[in-house]
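Colleague: Please see the structure below; I have some questions.
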Amino acid sequence: MWPGPTGPNAWLRLVLVFTEVPLAANHARRFDSTEGPALAYCPPLVSIGALPPDCELETLLQEGMMLSFYGHVEEMEWALADASEAGRITSDIANAMLSFAESLSLMLCMGRFRCVYPTKEEFESAWNFSCEQLLSRAPPNFPWISTEPCSAGNELMEVMSLVMQRLRYNFGLPGRLARYPLDVAPACDGVKEPDVIQRWPFMSLNGTFGQYVVSTTQTPFMDIFDRFRELRQVMPSELIVVNLGAHDGACKDGAVVKDVANCAFDLGARGVAVEGLTLASTLEGRWKDVLVHVGYVSPANVTEIVGTALSRLAAKHVDLLKIDFDHADCFFAEALLRHGLAPAFMVVEYNRIFPPPIRFKERFSEAKAGRMGQSWMDGKRSQHWSGCSMQAWHDTAAAHGYELLQATLFDLTFLHQNVKHLDLGLDSLNGWPSSIFNTWLASAYCFAPSRRLYGHQAFASLDLRALPELPADDRCALAARWWSSEGQTSQSELYC
Ligand SMILES: *[C@@H]1O[C@H](CO)[C@@H](O)[C@H](O)[C@H]1NC(C)=O
Ligand SMILES: *[C@@H]1O[C@H](CO)[C@@H](O)[C@H](O)[C@H]1NC(C)=O
Ligand SMILES: *[C@@H]1O[C@H](CO)[C@@H](O)[C@H](O)[C@H]1NC(C)=O
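Going left to right, the sequence shown walks through residues -24 to -1, 1 to 472 as mature numbering (1 follows the signal peptide of the UniProt record, and there is no 0) numbers them.
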């Protein structure tokens, strides 16, 4: 391997320092929607399936350190999203900083993937181009301390602490979700910030520089479920819930709802809780009328296990099926629905990496089922290839009479057509196929910090920005190329 333009660790000493830059002043955008997208993909798309042999090892060796850098960029996005919602920054500044963060992330990635470039010159010219992009996205009057901004300067942590401090002042501005700006997210053109006044805490992060909470404008499922119960005129204890993947039984973590089925159990719903991990022992005896199944299940035996428990409870119907096994989830749903389970609602986790119309389904694997959650790093590395994509879920559910009611960054809520007549105060997200792609953009892609959440991008050998930005046919072809290059064809299905 040849060294980079300024030595092997040039990317470490990247750029930038906010000394006395008045973030609140003079922040005209230098890009508008007609000028983007100017950012390159990292690694370049031509390298998918064609990584030089020693390159994989080289990128792997840098992983630990890169994760900590990516983590800081991610925290910056959380802080921006939190500040934007709380009215502490203007949308112009949020846009400029998100654009800057994307550019910064690209430089980090290029430093790590330099070995994919065939020659030193090719790498240098790509690097120089991305450096210009970074400079053009920096706030005006940015005091570059180096004459060679992308090869020397202070470290990322220092930049972070300066940025973070500036996000603390309260300007009392109107709060809004932080949408990625069009110069780094052209596919988000036309995706409107939801025009809803009320927000609910949705996820939280305890970072190095503070705690952040970002919210959702989706009606919380527990409110929908409660309205359903009132319209049906039943008591909470008359509701039947099946929870596949009950984890430790908790409903919330702080203010954030983690598991709607556990919440329903807390309110008195009866039903079945299934959990295979060792923490399932904490579930025994937790709820009076909930049967707990501890142990792994498969699509081949889930119907019998759930069916037996439901008949012990003399349950005639199911109101909610929640699935979050992080493994082949839609195959479990398919098995249950095919055998006649027809819950009013399904709340399921989905794989948000793959935009519609890509149908991705992880197959059930005996070997994987027993290892779930045991190795954090392995889990992270392979999380692109777990679960089922939005389109795959949509198809599975639609084939059994369900419509998509809501989508968040993590979950999809489906409603059975038999209860469609109830006035739940929401319309289902009909339409095909463009509207489901728009649903994906709005829930999984266009609002910070979803793109970088929990290291998805860091472990991908594909720049995930490329999928939504390409037209649907190319999107599918690229996903398929990535899928086979990572040796996933025997473990999962991917088609359009
Ligand atoms: C990249 O930029 C450096 C510093 O400005 C310059 O010396 C070098 O020639 C450039 N390389 C290419 C390939 O453009
Ligand atoms: C963050 O820290 C607070 C206490 O400072 C704790 O209550 C909360 O559970 C933590 N949240 C996460 C997501 O770790
Ligand atoms: C269900 O299948 C899983 C995976 O094959 C197996 O580990 C488990 O023992 C089975 N459970 C029952 C009750 O048959």
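Ideal Cβ placement from N, Cα and C applies to all residues, glycine included.
Report the partner residues of L82 according to the DSSP bridge assignment.
Modeller: Taking the sequence shown and counting its residues from 1, one reaches residue 82 at position 106. Paired residue(s): none; L82 is not in a bridge.
Colleague: Would you mind stating whether F390 and F308 have Cβ atoms separated by less than 8 Å?
Modeller: Within the sequence shown, numbered from 1, the residue matching residue 390 stands at position 414. Within the sequence shown, numbered from 1, the residue matching residue 308 stands at position 332. It is not a contact, given that the beta carbons lie outside the stated cut-off.
Colleague: Is it buried or exposed, A311, if we count other Cβ atoms within 10 angstroms and call 16 or more buried?
Modeller: Within the sequence shown, residue 311 is the residue found at index 335, counting from 1. Its Cβ being crowded by 16 or more others within 10 Å, A311 is buried.
Colleague: Relative to the alpha-carbon of P157, which residue among N146, D202, M73 has its alpha-carbon at the smallest distance?
Modeller: In the sequence shown, counting from the first residue as 1, residue 157 sits at position 181. The residue with the shortest Cα to Cα distance from P157 is M73.
Colleague: Residue range of the alpha helix (DSSP H) that P275 falls in?
Modeller: The count along the sequence shown starts at 1 and reaches residue 275 at position 299. Neither: P275 is in no alpha helix (DSSP H) and is coded neither H nor E.
Colleague: Is DSSP giving P196 helix, strand or coil here?
Modeller: Translated into positions along the sequence shown, residue 196 becomes position 220. In the structure shown, P196 sits in coil (DSSP, three-state: anything other than H, G, I, E or B).
Colleague: Considering only their Cβ atoms, is the gap separating R152 from S60 smaller than 8 Å?
Modeller: The residue you call residue 60 lines up with position 84 of the sequence shown. The residue you call residue 152 lines up with position 176 of the sequence shown. Their beta carbons are under 8 Å apart, which means S60 touches R152 by this criterion.
Colleague: Report buried or exposed for H392, applying the criterion of at least 16 other Cβ atoms within 10 angstroms of its Cβ.
Modeller: Taking the sequence shown and counting its residues from 1, one reaches residue 392 at position 416. It counts as buried.
Colleague: So residue 474 is in the alpha helix (DSSP H); what residue range does that whole segment cover?
Modeller: Lying outside -24 to 472, the shown extent of the chain, residue 474 is not represented and no answer is given.
Colleague: Contact between the segment 105 to 115 and the segment 34 to 48 is defined here as three or more beta-carbon pairs at a separation below 8 Å; is this criterion met?
Modeller: Not touching, per the Cβ criterion.
Colleague: Under 8 Å by Cβ, that's how I've got F340 and P275 pegged, so tell me the actual separation to the nearest angstrom.
Modeller: Numbered from 1 along the sequence shown, position 364 holds the residue referred to as residue 340. Numbered from 1 along the sequence shown, position 299 holds the residue referred to as residue 275. Their Cβ separation, rounded to whole angstroms, is 5 Å, which keeps F340 and P275 in contact under 8 Å.
Colleague: Would you say L43 and A434 are within 8 Å of each other, going by their C-beta atoms?
Modeller: Indexing the sequence shown from 1 puts residue 43 at position 67. Indexing the sequence shown from 1 puts residue 434 at position 458. The answer is yes: Cβ separation under 8 Å.
Colleague: Along the chain, which unbroken stretches of the alpha helix (DSSP H) at least 4 residues long are found entirely within the segment 221 to 271?
Modeller: Counting only runs of 4 or more, we get 236 to 242.
Colleague: Under 7 Å from any heavy atom of ligand 4, does the C-beta of S341 make it?
Modeller: Absence of ligand 4 is noted for the structure shown, with ligand 1, ligand 2 and ligand 3 being the only ligands found.
Colleague: Taking any heavy atom of ligand 1 as the mark, which residues have a C-beta closer than 6 Å to it, listed down the chain?
Modeller: In chain order, the hits are E97, E100, S101, N104.
Colleague: What distance in whole Å lies between the Cβ atoms of D300 and G221, which are believed to be in contact at a cut-off of 8 Å?
Modeller: Looking up residue 221 in the sequence shown gives position 245. Looking up residue 300 in the sequence shown gives position 324. G221 to D300, Cβ: 4 Å. Contact.
Colleague: Rounded to the nearest angstrom, what separates T415 and D265 at their Cα positions?
Modeller: Taking the sequence shown and counting its residues from 1, the one referred to as residue 415 is at position 439. Taking the sequence shown and counting its residues from 1, the one referred to as residue 265 is at position 289. Looking at the two C-alpha atoms, the distance is approximately 37 Å.
Colleague: Buried or exposed: where does Y421 fall if 16 or more other Cβ atoms within 10 Å of its Cβ makes it buried?
Modeller: On the sequence shown, position 445 is the one that residue 421 refers to. So Y421 ends up on the buried side.
Colleague: Excluding the 5 residues flanking R205 on each side, which residues of the same chain have their C-beta closer than 7 Å to its C-beta?
Modeller: Residue mapping note: residue 205 aligns to position 229 of the sequence shown, counting from 1. Contacts found: P212, L215.
Colleague: Would you call the CB atoms of L443 and P331 closer than 8 Å?
Modeller: Mapped onto the sequence shown, residue 443 falls at position 467. Mapped onto the sequence shown, residue 331 falls at position 355. Result yes, Cβ atoms of L443 and P331 sit closer than 8 Å.
Colleague: Figure out for me which residue from A436, E53, E342, S365 has the closest Cα to the Cα of G271.
Modeller: As a working note, residue 271 is residue 295 in the sequence shown. Nearest of A436, E53, E342, S365 to G271, Cα basis: E342.
Colleague: In its own chain, which residues sit with a C-beta less than 7 Å from the C-beta of H315, not counting the 5 before and 5 after it?
Modeller: By one-based count along the sequence shown, residue 315 stands at place 339. For H315, where only same-chain residues beyond five positions count, the Cβ hits under 7 Å are T279.
Colleague: For K96, which three-state DSSP category applies?
Modeller: Along the sequence shown, read from residue 1 onward, the residue named residue 96 stands at position 120. Of the three classes helix, strand and coil, the one that applies to K96 here is helix, per DSSP.
Colleague: Determine the extent of the alpha helix (DSSP H) in which T35 is found, giving its start and end residues.
Modeller: Sequence index remark: in the sequence shown, residue 35 carries index 59 (1-based). Here the alpha helix (DSSP H) through T35 covers 29 to 37.
Colleague: Helix, strand or coil: how does DSSP classify F386 here?
Modeller: Counting from 1 along the sequence shown, the entry for residue 386 is found at position 410. If DSSP states are grouped into helix, strand and coil, F386 belongs with coil.
Colleague: Mind checking S218: buried by the 16 CB within 10 Å criterion, or exposed?
Modeller: Within the sequence shown, numbered from 1, the residue matching residue 218 stands at position 242. According to the sequence as given, residue 218 is Val; it is not Ser. So V218 ends up on the buried side.
Colleague: What do you reckon, are the CB atoms on residue 474 and F178 nearer than 8 Å?
Modeller: One cannot answer for residue 474 here, as it falls past the ends of the chain, which runs -24 to 472.
Colleague: Sorted by chain position, which residues of the same chain lie with C-beta nearer than 6 Å to Q382's C-beta, five sequence neighbours on each side aside?
Modeller: What you label residue 382 is simply residue 406 of the sequence shown in a count that begins at 1. Q194, T389, listed in sequence order.
Colleague: Compute every distance between the C-beta of I281 and the non-hydrogen atoms of ligand 3, then say whether any falls below 7 Å.
Modeller: Taking the sequence shown and counting its residues from 1, one reaches residue 281 at position 305. I281 Cβ: within cutoff of ligand 3.
Colleague: If you follow the alpha helix (DSSP H) that E169 is part of, which residue opens it and which one closes it?
Modeller: By one-based count along the sequence shown, residue 169 stands at place 193. First-last for E169: undefined, no H or E at that position.
Colleague: Between which two residues does the beta strand (DSSP E) containing L443 stretch?
Modeller: Stepping through the sequence shown from its first residue, residue 443 is reached at position 467. Segment 442 to 445 is the alpha helix (DSSP H) holding L443; no beta strand (DSSP E) there.
Colleague: Roughly how many whole angstroms lie between the Cα atoms of Y188 and K234?
Modeller: Counting from 1 along the sequence shown, the entry for residue 188 is found at position 212. Counting from 1 along the sequence shown, the entry for residue 234 is found at position 258. If you take the alpha carbons of Y188 and K234, they lie about 16 Å apart.
Colleague: My understanding is that C18 touches D450, with C-beta atoms under 8 Å, so please give their C-beta distance in whole angstroms.
Modeller: Numbered from 1 along the sequence shown, position 42 holds the residue referred to as residue 18. Numbered from 1 along the sequence shown, position 474 holds the residue referred to as residue 450. About 18 Å separates the two Cβ atoms, so there is no contact after all.
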